[in-house]
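Residue numbers are given in this note's numbering: position 7 of the sequence shown equals residue 10, and the series is strictly consecutive.
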Amino acid sequence: MRRIAFAAAMTLAMTGGTAMAGETFILKYGDGGVLTPEAQAAVEMQAIEGMNFSYGVFTELPDAGVTFARGVVPAGKEVPAHAGPNLYAVYVESGTGQLTLFNEAQEPTGTMPYATGTLLIFPPNAQHGWIVESDEDFVWFGIDLPGKQE
């Protein structure tokens, strides 16, 4: 427990401020720095053709095969069915809407609501799509994790 408290105190000291609820700080081992929420938000985003969203990687742990990224779907847009090959965790930073689940034939099998603060864990190859119902963009923090491939 002391290590967690020490890490939190060091994070605040290195960023020169106080942490706000919901902020994500990434401690960088090599140079002792911190990737602040502002630096994460400034990551270069690339539009994903035909998918209605932009995506950008802000740091990786290459030895572990882990990637941390941010994605944005504009308000009122939909993301069609898609899947990734790895285990993927999504934390909803803003926006509300419906997550649609699909079977392998890309036929809808169900929906569930998402909102700011929702955490979703997708198994490898889980077909899903997004509908943004709010007036604000759907912004998420994602972690791509290696795992057993089926």
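C-beta atoms are modelled at their ideal positions from N, C-alpha and C, and glycine is treated no differently.
- In this structure the segment 48-62 touches the segment 73-92; the number of beta carbon pairs closer than 8 Å is three or more.
- In this structure, THR114 sits near LEU102, with a CB-CB distance shorter than 8 Å.
- Closest in alpha carbon position to GLY98, among ALA50, MET48, PRO149, PHE141, is PHE141.
- Every alpha helix (DSSP H) of 4 residues or more that sits fully in the segment 37-85 is shown, in chain order, as 40-44.
- In this chain, the beta strand (DSSP E) harbouring GLN101 covers 100-105.
- Between PRO127 and PRO88, the C-beta spacing is below 8 Å.
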